[in-house]
Amino acid sequence: MAQDSGVSESSGGSRITMSSSSRTSWRNGSANGTDIIVPAPMHRRDIRRRGFNQSALIAAEVSRILDIPTDPKAVTKTRHTHTQKGLGKSGRAVNLRNAFSASDRLKGKNVLLIDDICTTGSTLREITAAIKKTSASS
75 MAQDSGVSES
85 SGGSRITMSS
95 SSRTSWRNGS
105 ANGTDIIVPA
115 PMHRRDIRRR
125 GFNQSALIAA
135 EVSRILDIPT
145 DPKAVTKTRH
155 THTQKGLGKS
165 GRAVNLRNAF
175 SASDRLKGKN
185 VLLIDDICTT
195 GSTLREITAA
205 IKKTSASS
């Protein structure tokens with residue numbers, strides 16, 4: 075059986091690599107029924123300081139490649155938190171507890187959540203909890 079060669083697409087300095095069969099599968103709707111891509115949000119103070127949200131840049135590129143819409147404002151970080159760097163698993167969980175809010179626009183949607191880095195999963199867990207409060211499908 076022939077092996078797929080990696081296909082790399084880039085724009086604006088971002089690069090995402092996936093096999094052509096994976097890309098075709100996702101583009102043909104096999105993304106587990108994903109309706110929308112949502113990037114992990116940053117607090118507005120952090121966006122002002124950095125100038126961009128790296129998760130939103132990744133989500134935009136994945137959205138372009140897979141032809142699935144993205145909504146960078148569907149989830150917001152409602153309070154500023156301490157940096158996660160240097161915190162252990164329990165410290166990270168406490169730091170982020172109830173820090174996110176999700177829009178009702180996600181109700182009934184299958185959401186693909188994208189974060190730039192995952193260490194303990196605390197950010198993804200907290201965002202998922204906020205999204206589930208809207209009655210999103212998954």
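Here the numbering used here runs 74 ahead of the position in the sequence shown, where the first position is 1. We treat Cβ as the ideally placed atom computed from N, Cα and C, and that holds for glycine.
Asked: On a CA-only basis, which of 126, 192, 175, 190 is nearest residue 209? Give me that one, please.; Found: 175
Asked: Once you ignore the five residues that flank residue 198 on each side, which residues in its own chain have a CB closer than 7 Å to its CB?; Found: 187, 189, 192
Asked: With a threshold of 16 other CB atoms inside 10 Å of the CB of residue 157, please say whether the residue is buried or exposed.; Found: exposed
Asked: Which residues in the same chain have their Cβ closer than 8 Å to the Cβ of residue 202, if we skip the five residues on either side of it in sequence?; Found: 187
Asked: So what does DSSP say about residue 84, is it helix, strand or coil?; Found: Because residue 84 sits at a pLDDT of 42, beneath the cut-off of 50, its placement in the model cannot be relied upon, and the point is left open.
Asked: Per DSSP, which residues does residue 150 bridge with? Please list them.; Found: 175
Asked: So, for residue 117: in the same chain, excluding its five sequence neighbours on each side, which residues have a beta-carbon less than 6 Å away from its beta-carbon?; Found: 151, 154
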